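Undergrad: Pasting in a structure now, in structure tokens, and then I'll have a few things to ask.
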Amino acid sequence: MPKKARIPDEIFMKRSLELAVKGCGFVSPNPMVGCVIVKNGKIIAEGYHKKFGQFHAERIAINSAISKGINIKGSTVYVNLEPCSHFGKTPPCTSAIIEHKIKRVVMGTIDPNPLISGKGIAALKKNNIEVTHGILEDECRELNRFFFKYIKTGLPYVTLKAAQTLDGKIADINYRSKWISSLESRKLVHEWRSEYDAVLIGKKTLECDNPSLTARLVKGRNPYRIIIDNELTPDLSYNLYSDKFTNKTIIITSKDPDTALMKILTKRRIRIIKAKIKDDKIILKDALKKLAKIGIASIMVEGGAYTFSEFINQRAADQLTIFTAPMIMGPGIETFRYIHHKKFENAKKVTCEKISSDILINIYL
Numbered sequence: 031m032p033k034k035a036r037i038p039d040e041i042f043m044k045r046s047l048e049l050a051v052k053g054c055g056f057v058s059p060n061p062m063v064g065c066v067i068v069k070n071g072k073i074i075a076e077g078y079h080k081k082f083g084q085f086h087a088e089r090i091a092i093n094s095a096i097s098k099g100i101n102i103k104g105s106t107v108y109v110n111l112e113p114c115s116h117f118g119k120t121p122p123c124t125s126a127i128i129e130h131k132i133k134r135v136v137m138g139t140i141d142p143n144p145l146i147s148g149k150g151i152a153a154l155k156k157n158n159i160e161v162t163h164g165i166l167e168d169e170c171r172e173l174n175r176f177f178f179k180y181i182k183t184g185l186p187y188v189t190l191k192a193a194q195t196l197d198g199k200i201a202d203i204n205y206r207s208k209w210i211s212s213l214e215s216r217k218l219v220h221e222w223r224s225e226y227d228a229v230l231i232g233k234k235t236l237e238c239d240n241p242s243l244t245a246r247l248v249k250g251r252n253p254y255r256i257i258i259d260n261e262l263t264p265d266l267s268y269n270l271y272s273d274k275f276t277n278k279t280i281i282i283t284s285k286d287p288d289t290a291l292m293k294i295l296t297k298r299r300i301r302i303i304k305a306k307i308k309d310d311k312i313i314l315k316d317a318l319k320k321l322a323k324i325g326i327a328s329i330m331v332e333g334g335a336y337t338f339s340e341f342i343n344q345r346a347a348d349q350l351t352i353f354t355a356p357m358i359m360g361p362g363i364e365t366f367r368y369i370h371h372k373k374f375e376n377a378k379k380v381t382c383e384k385i386s387s388d389i390l391i392n393i394y395l
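Numbering-wise, the sequence shown is residues 31 to 395 according to our numbering.
What follows is the structure, encoded as structure tokens:
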């Protein structure tokens, strides 16, 4: 059944979205899902998908109600994504909904996964459960944009993030860049690091900044750290190769390591992914496809100028996120120095907001 203009449906769907986002950073490559069970116009149980491999939102909400002795027969379930109908790491959610005689299911959007898409709806309708979908659909799809890209294309969602000055510089002429953006902007970036599966940089950024690429300014998980090093000549003293998180370091290269290097990388649990090249450049979509195969559904690219430009030139990005700080660098390294002309006239959406003293622009490609 297509969506109808029901205000209560939107209210309860908003609540399911609020619950779903609590799983951000913990459920990938699964989607973020929240569930609300309503009876006689009141919420009687809630749940959300907390961690990859654990119970889905619908079962958590149902189990919560049962544990409290609440009768959910004849109730309405609100969920931001179509309930699964197949056995994966957990049993199908549709079975639990049917078993407990739920009267109606309201969902935000249909699951793009071919194993589920439309099949969850069909299973519910077959058991005489009323189904409504498309409630706050845009918001539901936006929340899980990483998941939708990953499932539909077999590639991770890629965001290019840069902090630049008013005159478009990301570093001075000696490649020094600390700190262009405000503390509030940097904290926001650390929040994003905990939400994305991985952060990616080029070899030049590694050599100039020796970053850790952790989410240390906020409470959250640390992402995988990916370095593009086509020639595979890592300086093993850098943080990404020597700190306590080396098991989350991945090198993208076109070369095979020699025996001595491979022994060190293996001991430090650093992973190598070999990608194809063209004109001595890594073919980014080939690298992205291989990263997706190991469960990386989202990547934030943090530079530098060459890497940033290559993602644009190879059309391998989904979003540009640019912080502009109220300062002028003068001579320095331009954000887009390797791009001669590019107009994003077909961008799906462009947003602009103020973060402390910085201006944040998001361009969705």
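The beta-carbon is built from N, C-alpha and C at its ideal position, and this holds for glycine as well.
The model shown is predicted, which means the values in this text are computed figures rather than measured ones.
Bridge partners of residue 366, per DSSP?
TA: As a working mapping, residue 366 is identified with position 336 in the sequence shown. Answer is none; residue 366 lacks a bridge partner.
Undergrad: Taking Cβ positions, are residue 159 and residue 136 nearer each other than 8 Å?
TA: Here residue 159 refers to the residue found at position 129 of the sequence shown. Here residue 136 refers to the residue found at position 106 of the sequence shown. Cβ distance not < 8 Å, so residue 159 and residue 136 don't count as in contact.
Undergrad: Consult DSSP for residue 160 and reduce its assignment to one of helix, strand or coil.
TA: In the sequence shown, the residue the question calls residue 160 occupies position 130. It is a strand residue.
Undergrad: Report, in whole angstroms, the separation of the C-beta atoms of residue 335 and residue 365, which I expect to be a contact under 8 Å.
TA: By 1-based counting over the sequence shown, the position of residue 335 is 305. By 1-based counting over the sequence shown, the position of residue 365 is 335. At roughly 6 Å, the Cβ-Cβ gap stays under 8 Å, so residue 335 and residue 365 are in contact.
Undergrad: Let me know the secondary structure DSSP gives residue 51 once reduced to three states.
TA: Translated into the one-based positions of the sequence shown, residue 51 becomes position 21. Three-state DSSP puts residue 51 in a helix.
Undergrad: Would you say the stretch 74-82 touches the stretch 239-257, given that touching needs at least three Cβ pairs under 8 Å?
TA: With a cut-off of 8 Å, the stretch 239-257 and the stretch 74-82 do not count as touching, because too few Cβ pairs lie within range.
Undergrad: Looking at residue 150: is its Cβ nearer than 8 Å to the Cβ of residue 114?
TA: Position 120 of the sequence shown, counted from the start, is the residue given in the question as residue 150. Position 84 of the sequence shown, counted from the start, is the residue given in the question as residue 114. Taking 8 Å as the Cβ cut-off, residue 150 and residue 114 qualify as a contacting pair.
Undergrad: According to the Cβ coordinates, are residue 250 and residue 55 closer than 8 Å?
TA: Reading the sequence shown from its first residue, position 220 is the one you call residue 250. Reading the sequence shown from its first residue, position 25 is the one you call residue 55. The answer is yes: Cβ separation under 8 Å.
Undergrad: Can you list, in chain order, the residues of its chain with a C-beta nearer than 8 Å to that of residue 278? Leave out the 5 residues immediately preceding and following it.
TA: As a position in the sequence shown, residue 278 is number 248, starting the count at 1. Answer for residue 278: 252, 253, 254 and 255, listed in chain order.
Undergrad: Please identify the residue among 168, 128 and 310 whose C-alpha is closest to the C-alpha of residue 106.
TA: Taking the sequence shown and counting its residues from 1, the one referred to as residue 106 is at position 76. The residue with the shortest Cα to Cα distance from residue 106 is 128.
Undergrad: Indicate the three-state DSSP secondary structure (helix, strand or coil) for residue 125 in the structure shown.
TA: The residue given as residue 125 occupies position 95 in the sequence shown. If DSSP states are grouped into helix, strand and coil, residue 125 belongs with the helices.
Undergrad: Give the C-beta separation of residue 187 and residue 327 to the nearest angstrom, bearing in mind that I take them to be a contact with Cβ-Cβ under 8 Å.
TA: Position 157 of the sequence shown, counting from 1, holds the residue named residue 187. Position 297 of the sequence shown, counting from 1, holds the residue named residue 327. The Cβ separation is near 7 Å, so the contact holds.
Undergrad: Extract the residue ranges of the beta strand (DSSP E) inside the stretch 133-194, only unbroken runs of 3 or more that lie entirely within it.
TA: If we require 3 residues or more, the beta strand (DSSP E) runs fully inside the stretch 133-194 come out as 134-139 and 160-163.
Undergrad: So is residue 382 buried or exposed if we call it buried at 16+ other beta carbons inside 10 Å?
TA: Translated into positions along the sequence shown, residue 382 becomes position 352. Classification for residue 382: exposed.
Undergrad: Is it right to say residue 103 is buried, meaning 16 or more other beta carbons lie within 10 angstroms of its own, or is it exposed?
TA: What you label residue 103 is simply residue 73 of the sequence shown in a count that begins at 1. Its Cβ having fewer than 16 others within 10 Å, residue 103 is exposed.
Undergrad: Within a Cβ cutoff of 7 Å, which residues of the same chain sit near residue 35, ignoring the five residues on either side of it in sequence?
TA: As a first step, residue 35 must be located in the sequence shown, where it is residue number 5. At residue 35 the pLDDT is 46, less than 50, meaning the model places this residue with poor confidence; the figure from the coordinates comes in the next sentence. Closer than 7 Å at Cβ, skipping near neighbours: no residue.
Undergrad: Pull up the CB-CB distance for residue 88 and residue 109, whole angstroms please, since I reckon it's below 8 Å.
TA: Your numbering for residue 88 matches position 58 in the sequence shown. Your numbering for residue 109 matches position 79 in the sequence shown. Between residue 109 and residue 88 the Cβ distance is about 6 Å, and since that is below 8 Å, they are a contact.
Undergrad: Under 8 Å: do the stretch 370-386 and the stretch 225-238 share three or more Cβ pairs, one atom per stretch?
TA: The stretch 370-386 vs the stretch 225-238: no contact.
Undergrad: Please report the distance separating the alpha-carbon of residue 257 from that of residue 350.
TA: Along the sequence shown, read from residue 1 onward, the residue named residue 257 stands at position 227. Along the sequence shown, read from residue 1 onward, the residue named residue 350 stands at position 320. Roughly 19 Å between the two C-alpha positions.
Undergrad: Who are the near neighbours of residue 130 in its chain, counting only those whose CB is closer than 7 Å to its CB and skipping five residues on each side?
TA: Locating residue 130 in the sequence shown gives position 100, counting from the first residue. Excluding positions up to five away in sequence, the list reads 92, 102 and 103.
Undergrad: Let me check understanding here. Comparing Cα to Cα, which of 221, 291, 222 and 207 lies closest to residue 239?
TA: The residue given as residue 239 occupies position 209 in the sequence shown. It is 207 whose Cα lies nearest to the Cα of residue 239.
Undergrad: Using the DSSP secondary-structure output, state which residues sit across from residue 63 in a beta bridge.
TA: Residue mapping note: residue 63 aligns to position 33 of the sequence shown, counting from 1. In the DSSP output, where bridge partners are listed per residue, residue 63 has none listed.
Undergrad: Spatial neighbours of residue 203 within its chain, please: C-beta separation below 6 Å, excluding the five flanking residues on both sides.
TA: Here residue 203 corresponds to residue number 173 of the sequence shown, with the count starting at 1. Here the set comprises 361 and 362.
Undergrad: Could you tell me the distance, in whole angstroms, from the CA atom of residue 297 to the CA atom of residue 282?
TA: Taking the first residue of the sequence shown as 1, we reach residue 297 at position 267. Taking the first residue of the sequence shown as 1, we reach residue 282 at position 252. In a straight line, the C-alpha of residue 297 is about 18 Å away from that of residue 282.
Undergrad: Here's the rule I'm using: 16 or more other beta-carbon atoms within 10 Å means buried, otherwise exposed. How should residue 371 be labelled?
TA: Taking the first residue of the sequence shown as 1, we reach residue 371 at position 341. The residue is exposed, with fewer than 16 neighbouring Cβ atoms inside 10 Å.
Undergrad: Ordered along the chain, which non-local residues of its own chain (more than five positions away) have a Cβ less than 6 Å from that of residue 374?
TA: Walking along the sequence shown from the start, residue 374 turns up at place 344. Here the set comprises 393.
Undergrad: Residue 57 by DSSP, collapsed to three states: which one?
TA: Along the sequence shown, one-based indexing puts residue 57 at 27. It is coil, neither helix nor strand.
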